[in-house]
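Following: one structure in structure tokens, then a few remarks.
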Amino acid sequence: MSEEAFSAHSFVIEINGSPMAAFTECTLPTLEIETQDQKEGGLNEYTHVLPVRRKSGRLILKRGLTASQELLSLYKDLLSGQVQPATYSVSVVMYDSMKSELARWNFDKAIPVKWTGPTLKSDTGAVAIESLELVVHDYIP
95 MSEEAFSAHS FVIEINGSPM AAFTECTLPT LEIETQDQKE GGLNEYTHVL
145 PVRRKSGRLI LKRGLTASQE LLSLYKDLLS GQVQPATYSV SVVMYDSMKS
195 ELARWNFDKA IPVKWTGPTL KSDTGAVAIE SLELVVHDYI P
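Counting from 95, one number per residue, gives the positions in the sequence shown under this note's numbering.
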């Protein structure tokens, strides 16, 4: 039985359980564990590789700039001290063509660490794109 690969064009981002405005692109974080090589005395055939700690990944969200400014507000709140770090829960939900949920990635303790404004050029009709980068500490299956 062959499985069909999912189409990556239909997704929603939820922050603290509420759907956010439409995003044009979402790069899920790399989930990675740091390792340490350990040589064992008397055993010269190989080196043990031991897990040490997990690394925090970065979730990158991109969308067309709108008047709402909600992405920039998340980042500004953190800079002004209004929000304690590690307070956001973020879910990326993927849907099929019938709007049935195909997959869900839940991340906890997300901290907005970078907002990138659009590149403005007078000689093009391209959409102005903003992006928000969040460091996520916990993946919740």
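In this text, a Cβ means the ideal position worked out from N, Cα and C, and glycines have one as well. In this text the structure is predicted, and so the values were computed from the model without any measurement.
Can you tell me the Cα-Cα spacing of P212 and T218, whole angstroms? 13 Å
Quick one: any contact between the segment 152-159 and the segment 118-130, if contact means 3 or more CB pairs under 8 Å? yes
What residue range does the beta strand (DSSP E) around N138 cover? L137 to K149
Nearest candidate by alpha-carbon position, reference S104, set V146, A197 and N110: A197
Reduced DSSP category for E119 - H, G, I as helix; E, B as strand; rest coil: strand
Quick one, which of A99, M114 and S101 has its alpha-carbon nearest S183's? M114
Consider the Cβ of K215: report whether some Cβ of chain B lies at a distance smaller than 8 Å. The displayed structure is made up of one protein chain only, and chain B is not part of it.
Spatial distance of S150 from S185 (CA atoms): 16 Å
Residue range of the beta strand (DSSP E) that V187 falls in? Y182 to Y189
Hey, W209 and L144 are a contact pair by Cβ (cut 8 Å); roughly how many whole angstroms apart? Actually they are not in contact, since the Cβ atoms of W209 and L144 sit about 37 Å apart, beyond 8 Å.
Does L159 come out as helix, strand or coil in the three-state DSSP assignment? coil
Around the C-beta of A222, are 16 or more other C-beta atoms found within 10 angstroms, so that it is buried, or is it exposed? exposed
Assuming L228 and A204 are in contact, meaning their beta carbons sit under 8 Å apart, how far apart are those beta carbons, in whole angstroms? 4 Å
K170 in three-state terms, based on DSSP: helix
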